[in-house]
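Student: Number 72 in numbering that gives the first Met the number 0 belongs to position 73 of the sequence shown; there are no gaps in the numbering.
For glycine and all other residues, C-beta sits at the position ideal for the given N, C-alpha and C.
In this text the structure is predicted, and so the values were computed from the model without any measurement.
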Amino acid sequence: MTPHNRARRGFTLIEATVVLAIITLLAALAAPALQGSREEARLTQCKNNLKQLGLALHNYHDVWVTFPPGWVQHDWDAPSPAGYCWSAQILPYVGHAQLYNQFDFRRPPSTQDDWLLEPLDVFRCPSDTLEPINELRGGFATSNYSGNFGSKPLPRWLPSEMSQFWPGTMPTPDESDGILWCNSSVRIRDITDGTSNTIMVGERCVTSGGGIWPAVTSNHHENDAVTDGSHQSRLNDNYASFSSRHADGAHFLKCDGAVTFVSDDIDSRPASAREMGTYQRIAGRNDGNVVRDF
0 MTPHNRARRG
10 FTLIEATVVL
20 AIITLLAALA
30 APALQGSREE
40 ARLTQCKNNL
50 KQLGLALHNY
60 HDVWVTFPPG
70 WVQHDWDAPS
80 PAGYCWSAQI
90 LPYVGHAQLY
100 NQFDFRRPPS
110 TQDDWLLEPL
120 DVFRCPSDTL
130 EPINELRGGF
140 ATSNYSGNFG
150 SKPLPRWLPS
160 EMSQFWPGTM
170 PTPDESDGIL
180 WCNSSVRIRD
190 ITDGTSNTIM
200 VGERCVTSGG
210 GIWPAVTSNH
220 HENDAVTDGS
230 HQSRLNDNYA
240 SFSSRHADGA
250 HFLKCDGAVT
260 FVSDDIDSRP
270 ASAREMGTYQ
280 RIAGRNDGNV
290 VRDF
């Protein structure tokens, strides 16, 4: 016998609406997990970038018996000249020797030099939104990693009579208590608080203008390449700060090459306080205030 054909019933409008609502709900539930997974990958990449920079800085130290200068200033009679910075000095140790060989260190860096506009992944945090060329920092290629100037404010934030660089004050730069500043030459043995207890490089994102990897644009803009750990520059607080687009903190490279994530809530205290804050202690290399876990 031939079975009777049964009429096929389609979805009713109500059923279709219910199915669509379920699909929408499932997509909404999955979206945060997917976004979280992507950010986790970006966090890992950012951490790996800093590890690579740490290895490069130590390779530089192996060759030159010192870490690179925060930035180089050759002519103190010149009016606020630009100078190549620490990240440019380590290019041969991060796989960019050919790019490094194009530099002419006898003259100031210029945006007319195409190689100083080249985006380099090792200097970029994938969570940040800055453009490849940082117009906030003179139009050079962007960097999200800034050297540790120390626990005291950068010269540009000090009164003019205290400045390290401004004309009419001091003819040569004072020494900072950090790792990277103008014409610095810090050796491992100079980090008496311990390389595992002192930061060397930290993140700098769009909220504080980011940075640039080739240079500082002048001695009045040293935070193109370095950042301080003073209370007025506390983490993720203002335009002068170490900062990141990650939630609740930022990555820092320690002087021993390890990378740690520091919370926005890290203890920070002004210079007038009886004791230094944890944030200030980890920025100073030789203050005797050792912080072993941060």
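Sort Gln231, Gly248, Arg123 by Cα distance to Ser271 and report the nearest one.
Tutor: Closest by alpha carbon: Gln231.
Student: In the DSSP assignment, find the beta strand (DSSP E) that holds Ser86 and state where it starts and stops.
Tutor: Element bounds for Ser86: not the beta strand (DSSP E) but the alpha helix (DSSP H), 85 to 88.
Student: At the level of alpha carbons, what is the spacing between Val64 and Leu28?
Tutor: So the alpha carbons of these two residues sit roughly 54 Å apart.
Student: Name the residue from Gly201, Phe241, Ser229, Glu274 whose alpha carbon lies nearest to the alpha carbon of Lys46.
Tutor: Comparing Cα-Cα distances from Lys46 to each of Gly201, Phe241, Ser229, Glu274, the minimum goes to Gly201.
Student: Between Tyr238, Cys181, Leu52, Leu54, which has its C-alpha nearest Arg203's C-alpha?
Tutor: Here the closest residue by C-alpha is Tyr238.
Student: Answer yes or no: do Phe260 and Gly276 have a C-beta to C-beta separation smaller than 8 Å?
Tutor: Their beta carbons are not under 8 Å apart, which means Phe260 does not touch Gly276 by this criterion.
Student: Since I believe Phe66 is in contact with Ile178 (beta carbons under 8 Å), could you give me their beta-carbon distance rounded to a whole number of angstroms?
Tutor: Between Phe66 and Ile178 the Cβ distance is about 6 Å, and since that is below 8 Å, they are a contact.
Student: My output table needs one value for Val93: the three-state DSSP class, helix, strand or coil.
Tutor: Val93 falls in the helix class under three-state DSSP.
Student: Between which residues of its own chain and Leu98 is the CB-CB distance below 7 Å, once the five residues before and five after are set aside?
Tutor: Excluding positions up to five away in sequence, the list reads Leu90, Trp114, Glu117.
Student: Thinking just about the alpha-carbon of each residue, which of Ile187, Val225, Arg273 is nearest to the one in His60?
Tutor: The candidate whose alpha carbon is nearest that of His60 is Ile187.
Student: Please report the distance separating the alpha-carbon of Ser162 from that of Gln279.
Tutor: Model confidence at Ser162 stands at a pLDDT of 37, short of 50, so the residue's coordinates are unreliable; what they give is reported in the following sentence. Each residue's Cα considered, the two are about 20 Å apart.
Student: Roughly how far, in whole angstroms, is the beta-carbon of Asn147 from the beta-carbon of Gly209, given that I think they are within contact range, below 8 Å?
Tutor: The Cβ separation is near 16 Å, so there is no contact.
Student: In terms of alpha-carbon separation, which member of Ser262, Val290, Ser184, Ser126 lies closest to Thr206?
Tutor: It is Ser126 whose Cα lies nearest to the Cα of Thr206.
Student: Does DSSP classify Ile211 as helix, strand or coil?
Tutor: Residue state, collapsed to three classes: strand.
Student: Taking the CB atoms as reference points, tell me whether Tyr92 and Ala40 lie closer together than 8 Å.
Tutor: No.
Student: Would you kindly check if the distance between the Cβ of Asp189 and the Cβ of Asn100 is under 8 Å?
Tutor: Contact flag unset, no.
Student: Return the chain-ordered ranges of every beta strand (DSSP E) run that is complete within the segment 171 to 257 and spans a minimum of 3 residues.
Tutor: As far as the segment 171 to 257 is concerned, its whole beta strand (DSSP E) runs of at least 3 residues are 198 to 202, 225 to 227, 248 to 253.
Student: Can you give the Cα-Cα distance for Ala224 and His95, rounded to whole angstroms?
Tutor: So the alpha carbons of these two residues sit roughly 19 Å apart.
Student: Please look up how many angstroms separate the CB atoms of Val121 and Leu42, rounded, as I've assumed it's under 8 Å.
Tutor: 16 Å between Cβ atoms; not a contact.
Student: Indicate whether Ala82 and Val185 have their beta-carbon atoms separated by less than 8 Å.
Tutor: In the sequence on display, residue 82 carries Gly and not Ala. Contact flag unset, no.
Student: If you drop the 5 nearest sequence neighbours on each side, which residues of the same chain put their C-beta closer than 7 Å to that of Ser262?
Tutor: Answer for Ser262: Asp247, Gly248, listed in chain order.
Student: Sort out for me which residues DSSP pairs Phe260 with in a bridge.
Tutor: The partner list for Phe260 (beta bridge, DSSP) reads His250.
Student: If we count the other Cβ atoms within 10 Å of its Cβ and call it buried at 16 or more, is Gly287 buried or exposed?
Tutor: That one is exposed.
Student: What does DSSP give as the partner residue(s) for Trp114 in the beta ladder?
Tutor: Trp114 is not bridged to any residue.
Student: For Ile281 versus Leu234, is the C-beta spacing smaller than 8 Å?
Tutor: Cβ atoms of Ile281 and Leu234: not closer than 8 Å.
Student: What are the boundary residues of the beta strand (DSSP E) that includes Thr141?
Tutor: 139 to 142 is the extent of the beta strand (DSSP E) around Thr141.
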